[in-house]
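Single-structure report; data block below.
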Amino acid sequence: MQNIESRDAWLTGLLPQTAGFAGPQWLDALRLEAADRVNTLHFPTMRDEDWRFSDFSLLRKTAFAVAEDAASGLTPAGIESFILPEAVASRLVFIDGVYAPQLSSTAALPQGVVAGNLMRELTAHDGAVRAHLARQAHQSDVFVALNTSHVRDGALVLIPKDTVCPVPIHLLFIATGGDAPQAIYPRCLIVAGPGSDCTLIEDYVALGPGSYCTAAVTEITVEENASVRHIRLQREARGAFHLGYGAVTLKRDSIYHANSLTFGARLSRHDLRVVQDGEGARCVLNGLALMAGRQLADTHTVIDHTVPNGKSEQLHKCIVDDGAHAVFNGKIFVRKNAQHTDAAQQSRNLLLSNKGRVDTKPQLEIFADDVKCSHGATVSQLEADEMFYLNSRGLDADAARNLLIYAFAEDIIDRIPVASLKQRLSKELSERILEHA
Amino acid sequence: MISSNSRVILEVRDLRASIGGIEILKGVNLTVRSGEVHAIMGPNGSGKSTFSKVLAGHPGYTVTRGEVIYNGKNLLDLPAEERAREGVFLAFQYPIEIPGVSNSSFLRLAYNTMQAHRGGEELDPLEFDDFIREKCKLVEMDPGFLDRSVNEGFSGGEKKRNEILQMAVLEPKLSILDETDSGLDIDALRIVASGVNKLMTPDNAMIMVTHYQRLLNYITPDFVHVMRSGRIIKTGGRELALELEARGYDWVRAEAAA
Ligand SMILES: Nc1ncnc2c1ncn2[C@@H]1O[C@H](COP(=O)(O)OP(=O)(O)OP(=O)(O)O)[C@@H](O)[C@H]1O
Ligand SMILES: [Mg+2]
């Protein structure tokens, strides 16, 4: 039993004040259980193996509080720059964590596809929600527990069996970034039914520069033979904190293809755990973190091959400028039973300044004996000879530098399967690079 | 024919340069006039590439003595990009690969940078496409190479051809070709050499670094220089190249020492 004195005051201060939000009783029980867990967990420090490269103590200097309920009077015009033409009618928008129906539309989704506010849809889809919500995300992670203790509005996406979703589903989480330090707890629950196919865009953006804290949890189940493309964009405000947790379960012969881009936030952490639970599943994880100033981006991924004939491919790239700090820890487990696993992991890092820092730690833990696994990590700088080659063609130092940085990042952007987003991100990338030239 | 009163494009006087504290160029002298083709030959490690890179402005080398006057300007005062904009071009012995940047967008960026400097018209991607396709014909390069990343996965010969394509696009006044012939098969050599010949005008000039007479059968040099241990130790006409091919370099050193 936990002694009340040993509780972490900052953490308990974040717990919901009221005895519960609306919703069925089982959900309340889930929240309370999570709140109890928060009380027994501690704030991660650099003494914790999984947090040893990154110092999040800055977070504790601020007392964050959940936003007042009223979603602001934003109109579609006010969020125009975030709207993707491919997803104009397949978009769910959340303002500071609160669902905004006036900004959302799902008219383009095929019959049978559920995409809506978790809080509203959960009664109609009680079975699916209860079977999957909070079943995958690691409840011993304190930020996951915090999020679960606050579960209310969120994105629920259910793709029925054999349904192909022809348009990407855009889950847009907008932080207003006001003066008060807000805590935002986005939640996504996605179940792609057997044989289905969809593209998800999980997008964190901000309207203002304010310091707020997003602690997001996304759970995805990819059923037999289904295929999910998942684009995750962390474009939070520069002063913000972002703690994102993704848990993905892959069933037999399913495909999960993730592209994760990290541009924003002062301190950010992204945990992604992919469990290959059915034979013949395949996942591709591409990641890019572009950091400058005093930003920190910590990416922890786990790919867990538990059954035979799985395949995973991972490429994670970090670009670190100024005094920024990028961390990558990529674990791949190949369990005893997971024969004929084919896993390849690459961590490539570009360090642009002497003050910047990269910690990369690819980790393979193999318990099966007949597998094909490889991993590697590189940290490079802009090569003087490359710069000279470009200079000798008339490009000045800034232009040459930008071109080389862009070139380093380009292949990740290029793999994003939504054309307008690819274009926009590529533009955003060059702007961000220019900003720091 | 060259007359000795054509304009001096490049004047190198007693150029000394070092890298990492080691002196590589030990007093190079060279005068290049418009319309001239100069060949520089010499054994491995004699400083030919170093000389080329120092002329193009590689920041890794420190010039410790001497001067380089290019079209009346003190070339050593300018950073590499300004030398390029003023018309100095180096075709690299080992061109750099730039994965992720398409050859055509790179060429366009370089071309437009140059045009902006010369006060010429910049081209948008469509206009540039027409322009570059014409240039490709000059070196018989498959336009498919334009869509690939700069030099990435190009064969040795394809990289060299791409260097000459860049030369064709940038229209330099002084071209320095560092072993552009190495790695080219016989047909490619003929094609690239004829491309280079078409780019020569009475107003520009060229320095070719080579080990082989073969290239000089296609591009006729006005002067052949022998570099050894960071100095030009002998200068002659095109017949010197034949003699070097037949007799090697040792006699030149013996003669220079005498
Ligand atoms: N960074 C460096 N540090 C020390 N020595 C160097 C460096 N770069 C070049 N050198 C030396 O300078 C000398 C001249 O090299 P350079 O590349 O100019 O020769 P080269 O005449 O072009 O030879 P090749 O015919 O083989 O191309 C060589 O001995 C080389 O080892
Ligand atoms: Mg050389």
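Protein chains in written order, with the working numbering: chain A, 1 to 437; chain B, 1001 to 1258.
Where a beta carbon is used, it is the ideal one built from N, C-alpha and C, also for glycine.
- request: Enumerate in chain order the residues of its own chain whose CB-to-CB distance from Asp342(A) is below 7 Å, with the five nearest sequence positions on each side excluded.
  value: In the same chain as Asp342(A), and ignoring 5 residues on each side of it, the C-beta atoms closer than 7 Å to its own belong to Lys311, Lys372, in chain order.
field: Contact set between Arg1085(B) and chain A, taken where Cβ atoms lie within less than 8 Å
entry: Counting only Cβ-Cβ distances below 8 Å, Arg1085(B) has contacts in chain A at Gly394, in chain order.
- request: Under 6 Å Cβ to Cβ from Phe408(A), same chain only, skipping five residues before and after it: list those, please.
  value: Leaving aside the five residues that flank Phe408(A) on each side, the residues in its chain whose CB is nearer than 6 Å to its CB run, in chain order, Leu350.
Among Arg232(A), Gly239(A), Arg152(A), the one whose alpha carbon lies nearest that of Leu261(A): It is Arg232(A) whose Cα lies nearest to the Cα of Leu261(A).
query: Would a check of beta-carbon distances place Gln1093(B) closer than 8 Å to chain A?
result: Nearest CB-CB separation between Gln1093(B) and chain A: not below the 8 Å threshold.
query: Does Leu403(A) get closer than 8 Å to chain B when you measure Cβ to Cβ?
result: Closer than 8 Å: yes.
- request: Count the CB pairs spanning the segment 164-177 of chain A and the segment 132-143 of chain A that are closer than 8 Å, and state whether there are at least three.
  value: The segment 164-177 of chain A makes no contact with the segment 132-143 of chain A: fewer than 3 CB pairs, one atom from each, lie closer than 8 Å.
In DSSP terms, what Gly1066(B) is bridged to: According to DSSP, which records beta bridges pairwise, Gly1066(B) is partnered with nothing at all.
query: Exposed or buried, which one is Phe64(A) when buried takes at least 16 other CB atoms within 10 Å?
result: Per the 10 Å Cβ criterion, buried.
query: Between the Cα of Leu243(A) and the Cα atoms of Ala77(A), Arg269(A), Pro181(A), Val327(A), which residue gives the shortest distance?
result: Nearest option by C-alpha distance: Arg269(A).
query: According to DSSP, is Arg187(A) helix, strand or coil?
result: Looking at Arg187(A) - three-state DSSP - the assignment turns out to be strand.
field: CA-to-CA distance, Phe1089(B) to Ser1155(B), given in whole angstroms
entry: Ser1155(B) and Phe1089(B) have their alpha carbons spaced roughly 22 Å apart.
task: Going by DSSP, name the residue or residues bridged to Cys373(A).
output: Answer is Ala343(A), bridged to Cys373(A).
message: For ligand 2, I want to know if His1179(B) counts as a neighbour, meaning its beta carbon is within less than 7 Å of at least one of the ligand's heavy atoms.
response: One point to set straight first is that residue 1179(B) is Glu, not His, in the sequence displayed. For ligand 2, at least one heavy atom lies less than 7 Å from the Cβ of Glu1179(B).
query: For Leu1197(B), which three-state DSSP category applies?
result: At residue 1197(B) the sequence reads Asn, which differs from the Leu that was named. Residue state, collapsed to three classes: helix.
Residues bridged to Thr249(A) [DSSP beta-bridge criterion]: Partner(s): Thr221(A), Val275(A).
message: Given the structure, does Ile1024(B) come close to ligand 1, in the sense that its CB is under 7 Å from one of the ligand's heavy atoms?
response: Yes, the beta carbon of Ile1024(B) sits closer than 7 Å to at least one heavy atom of ligand 1.
- prompt: Are the beta-carbon atoms of Val1252(B) and Val1226(B) separated by less than 8 Å?
  reply: Going by C-beta atoms, Val1252(B) is nearer than 8 Å to Val1226(B).
message: Between Leu429(A) and chain B, is the shortest Cβ-Cβ distance under 8 Å, so that the two count as touching?
response: Not one beta carbon of chain B lies nearer than 8 Å to the beta carbon of Leu429(A).
- prompt: If you compare alpha carbons, which of Thr214(A), Gly78(A), Glu33(A) is closest to Gln139(A)?
  reply: Of all alpha-carbon atoms in Thr214(A), Gly78(A), Glu33(A), the one lying nearest the alpha-carbon of Gln139(A) is that of Glu33(A).
message: Mapping the DSSP letters down to three states, classify Pro443(A) as helix, strand or coil.
response: With chain A running from 1 to 437 in the structure shown, residue 443(A) is simply not present.
- request: State the Cα-Cα distance for the pair Asp277(A) and Val307(A), rounded to the nearest angstrom.
  value: Rounded to the nearest angstrom, the two C-alpha atoms are 6 Å apart.
query: What three-state label does DSSP hand Thr1180(B) in the structure shown?
result: Per DSSP, reduced to three states, the secondary structure at Thr1180(B) is coil, with no helix or strand assignment.
message: Could you check whether the Cβ of Asp385(A) sits closer than 8 Å to any Cβ belonging to chain B?
response: With 8 Å as the cut-off, Asp385(A) counts as an interface residue toward chain B.
query: Roughly how many whole angstroms lie between the Cα atoms of Arg7(A) and Val142(A)?
result: Taking the straight line from one Cα to the other gives about 13 Å.
- prompt: Any Cβ of chain B within less than 8 Å of the Cβ of Glu313(A)?
  reply: By this cut-off, Glu313(A) is not an interface position.
message: Counting only C-beta atoms, is Ala1080(B) closer than 8 Å to chain A at any point?
response: It does: the Cβ of Ala1080(B) has a partner Cβ on chain A nearer than 8 Å.
- prompt: Can Lys1053(B) be considered in contact with ligand 2, in the sense that its beta carbon sits closer than 7 Å to one or more heavy atoms?
  reply: Lys1053(B) Cβ: outside cutoff for every heavy atom of ligand 2.
field: Sheet register partners of Phe1092(B) (DSSP bridge)
entry: Its beta-bridge partners do not exist; DSSP assigns none.
Contact test: Gln1213(B) Cβ vs ligand 1 heavy atom, cutoff 7 Å: Answer for Gln1213(B): no, Cβ out of range of ligand 1.
query: Alpha carbon to alpha carbon, what distance is there between Gln1166(B) and Ile1069(B)?
result: So the two alpha carbons sit approximately 24 Å from each other.
query: What's the call for Leu290(A), buried or exposed, on a 16-neighbour Cβ count within 10 Å?
result: Flag for Leu290(A) reads buried.
- request: Identify whether Glu1171(B) lies in helix, strand or coil by the three-state DSSP scheme.
  value: Three-state result, Glu1171(B): coil.
- request: Count the other CB atoms, across all protein chains shown, that sit within 10 Å of the CB of Asn1197(B); report buried if there are 16 or more and exposed otherwise.
  value: By the beta-carbon neighbour count (other beta carbons within 10 angstroms, threshold 16), Asn1197(B) is exposed.
query: Looking at Lys1048(B) and ligand 2, is the gap between the Cβ and the nearest heavy atom below 7 Å?
result: Under cutoff, so the answer is yes.
- prompt: Got a sec: is the Cβ-Cβ distance from Asp398(A) to anything in chain B below 8 Å?
  reply: For Asp398(A), no CB of chain B lies under 8 Å from its own CB, so it is not counted at the interface with that chain.
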